[in-house]
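Since the structure comes first, as structure tokens, the remarks are kept for the end.
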Amino acid sequence: MSFAIGDLSFWLCLFFIFGIFIASIKFNFIIAFLVIAFGFVLLAFFTKRFFLFKIFPFLLLASFLGSFYYGAYLSFLDFQKEGIKYNSFISVKAVINSEPNLTEKYLIFTATAKLGLKKIDVRIFAPPQNDFNYGDLVNVQGTIIKSDKEYEPPLLFSKNIKLISKNNGFWLREKLIDFKNSIIKNFENFLQKDNAGLLSGITLGSQASFSPEFKNDMALSGTTHLVAMSGYNITIIILAVQRIFGGILSRKKNFFISISLIMFFIIMTGLQASVIRAGITGFIALFSREIGRIFNIRNAIVFTALLMLLWNPFMITQNISFQLSFLSLLGIVYLSPVLKDFFKFENSGFLEWKDSAITTTSAQIAVLPILIINFGKFSASAIFANIAVLGVIPITMFFGFILAVLGFISYYFAFFCAKLLAVLLSYECFAIKFFANIYIPIPIHFNSMIIVFFYYAFFCFLIAKFYYKNEKR
Numbered sequence: 133m134s135f136a137i138g139d140l141s142f143w144l145c146l147f148f149i150f151g152i153f154i155a156s157i158k159f160n161f162i163i164a165f166l167v168i169a170f171g172f173v174l175l176a177f178f179t180k181r182f183f184l185f186k187i188f189p190f191l192l193l194a195s196f197l198g199s200f201y202y203g204a205y206l207s208f209l210d211f212q213k214e215g216i217k218y219n220s221f222i223s224v225k226a227v228i229n230s231e232p233n234l235t236e237k238y239l240i241f242t243a244t245a246k247l248g249l250k251k252i253d254v255r256i257f258a259p260p261q262n263d264f265n266y267g268d269l270v271n272v273q274g275t276i277i278k279s280d281k282e283y284e285p286p287l288l289f290s291k292n293i294k295l296i297s298k299n300n301g302f303w304l305r306e307k308l309i310d311f312k313n314s315i316i317k318n319f320e321n322f323l324q325k326d327n328a329g330l331l332s333g334i335t336l337g338s339q340a341s342f343s344p345e346f347k348n349d350m351a352l353s354g355t356t357h358l359v360a361m362s363g364y365n366i367t368i369i370i371l372a373v374q375r376i377f378g379g380i381l382s383r384k385k386n387f388f389i390s391i392s393l394i395m396f397f398i399i400m401t402g403l404q405a406s407v408i409r410a411g412i413t414g415f416i417a418l419f420s421r422e423i424g425r426i427f428n429i430r431n432a433i434v435f436t437a438l439l440m441l442l443w444n445p446f447m448i449t450q451n452i453s454f455q456l457s458f459l460s461l462l463g464i465v466y467l468s469p470v471l472k473d474f475f476k477f478e479n480s481g482f483l484e485w486k487d488s489a490i491t492t493t494s495a496q497i498a499v500l501p502i503l504i505i506n507f508g509k510f511s512a513s514a515i516f517a518n519i520a521v522l523g524v525i526p527i528t529m530f531f532g533f534i535l536a537v538l539g540f541i542s543y544y545f546a547f548f549c550a551k552l553l554a555v556l557l558s559y560e561c562f563a564i565k566f567f568a569n570i571y572i573p574i575p576i577h578f579n580s581m582i583i584v585f586f587y588y589a590f591f592c593f594l595i596a597k598f599y600y601k602n603e604k605r
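Under our numbering, think of the first position of the sequence shown as 133, with each following residue one higher.
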């Protein structure tokens, strides 16, 4: 059996990513090699694709190159930080290059500062009463500290920080951030606090208006991802929009409308890196449905992940948004057909509830270890909470976009639109709080990489078995 260029490219990229992963978790490469070799042999025999053995030396080389790249990237970061005198008091001018995040104790943001002869990023912790924005040039005085995480920039805790000038960032991003903040103010003018906060989170990824109680309710109900702006929520929302307009518009028009919606997302949120990643994964999901071939989506996912990891290899283990985006996408693309076949669903059900249930469950299964590792808890009721809420999210977003526009045009039209939105948002808030109150913890602890490995290996086996069975038909 011949080996296509697309197949070869896929496996080389996958093993390069595997090399990055092994280096990032500092796992013994010899043990990792033995594990992957054993899995590779099982895969070849199970699928009867013995020609895979011919390229195994090249795959091993790709893994070594991935590990080498990770080490080289880490060395480059260390070089950038050379000469910094940690635990010393400094006074430096810096330009804020991120949107400040306000917490109870600090106003946190990243800024580009010149330390010695080098310009580097510094993560600054300022008093919460300060009011700074992206693009501000500030004078910062404080103690610079080395972060415990090797991939993070130095930390600077400052009680004395003064504004020097504004508008020193990328002008387009400044305008987009101002536009986003104006939309959030419009939401707050027309809606109650929790409703406005939820709408801001769903449409813009902003959690600044959330009360501590509502944040806790979203965490307990497993719905925090709705406002996290990862590929998880964007993918589900886009697929839902496609189902809604599928019977009205042609497939091609439906596809381009959805792509336009993704672009609108990215622009409205101020070109945030996490939203751009989410938009890319959302586009991949659309592309896979448009061409209808698993082979192409397989390559698209791996190539996209590779490009992102070349830009920043730390994302594979340290960036939750990256992990949720790709794992949820893989769950939706590969696990959904398995579950649909298992439950023998022959139709979508009333208001597409069966499709929503399968999509939600597939994504939840894929991200379960990540959620438990990072947040320490996961509720069995989260699946039901997501089924209850996700069905009305697309229409909520649709009227949310309309309110965002009408808020700048007509108070009266915006008022009536907000009344309709209040019904939808009140229902969603009720569902979130209801399922938060019936929190059912799942007694699973992913405190070992071995447990995580066997968890994903089990579902990979089910998926491989399903597709191999279909190939034989």
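Don't be surprised by glycine CBs; every beta carbon is placed ideally from N, CA and C. None of these values were measured; they are calculated from a predicted model.
query, result
"Under a Cβ-count criterion, where at least 16 other Cβ atoms within 10 Å of its own Cβ denotes burial, should GLY463 be classed as buried or exposed?", "buried"
"Going by Cα to Cα distance, which pick from GLU345, ASN313 and ASN219 is closest to ILE564?", "GLU345"
"Considering just the uninterrupted stretch of the alpha helix (DSSP H) at PHE567, what are its terminal residues?", "543-569"
"So, using beta-carbon positions, are PHE131 and LEU308 closer together than 7 Å?", "Only positions 133 to 605 of the chain appear in this structure, which leaves residue 131 out of reach."
"Verify whether the separation of the beta carbon atoms of ASN300 and LEU269 is less than 7 Å.", "yes"
"Start and end of the alpha helix (DSSP H) containing GLY151?", "137-156"
"Please state whether DSSP places PHE257 in a helix, a strand or coil.", "strand"
"Could you tell me the alpha carbon to alpha carbon distance between ILE277 and ASN444, rounded to whole angstroms?", "22 Å"
"Does the beta-carbon of PHE241 have 16 or more other beta-carbons within 10 angstroms, so that it is buried, or is it exposed?", "buried"
"The beta strand (DSSP E) with LYS294 in it runs from where to where?", "287-297"
"LEU146: which of ILE157, PHE196 and GLN496 sits nearest, CA to CA?", "PHE196"
"Which residue wins for smallest C-alpha separation from THR235, given the options ASP263, LEU393 and ILE216?", "ASP263"
"Have a look at TYR266, GLY198, LEU193 and TYR544 and flag the residue whose alpha-carbon is nearest the alpha-carbon of ALA155.", "GLY198"
"Three Cβ pairs or more, each shorter than 8 Å: is that satisfied between the stretch 271-285 and the stretch 491-503?", "no"
"Kindly indicate which three-state DSSP category LEU249 falls into: helix, strand or coil?", "coil"
"For the putative contact between PHE322 and LEU535, defined by C-beta atoms under 8 Å, what is the C-beta separation to the nearest angstrom?", "7 Å"
"What are the boundary residues of the alpha helix (DSSP H) that THR528 is part of?", "525-538"
"Per DSSP, what kind of secondary structure is ASN271 in: helix, strand or coil?", "strand"
"The beta strand (DSSP E) with LYS225 in it runs from where to where?", "220-228"
"Tell whether a beta-carbon distance below 7 Å holds between ALA243 and ALA226.", "yes"
"Suppose you measure from the CA of LYS294 to the CA of ILE398; what does that come to, to the nearest Å?", "31 Å"
"Short of 8 Å in beta carbon distance, which residues of its chain neighbour SER513, apart from the five on each side in sequence? Order them along the chain.", "SER353, GLY354, PHE567, ILE570, TYR571 and ILE572"
"How many Å lie between VAL555 and ILE525 at the Cα?", "12 Å"
"Hey, how far is the Cα of PHE150 from the Cα of ARG305?", "34 Å"
"Assign ASP349 to one of two classes, buried (16 or more other C-beta atoms within 10 Å of its C-beta) or exposed (fewer than that).", "buried"
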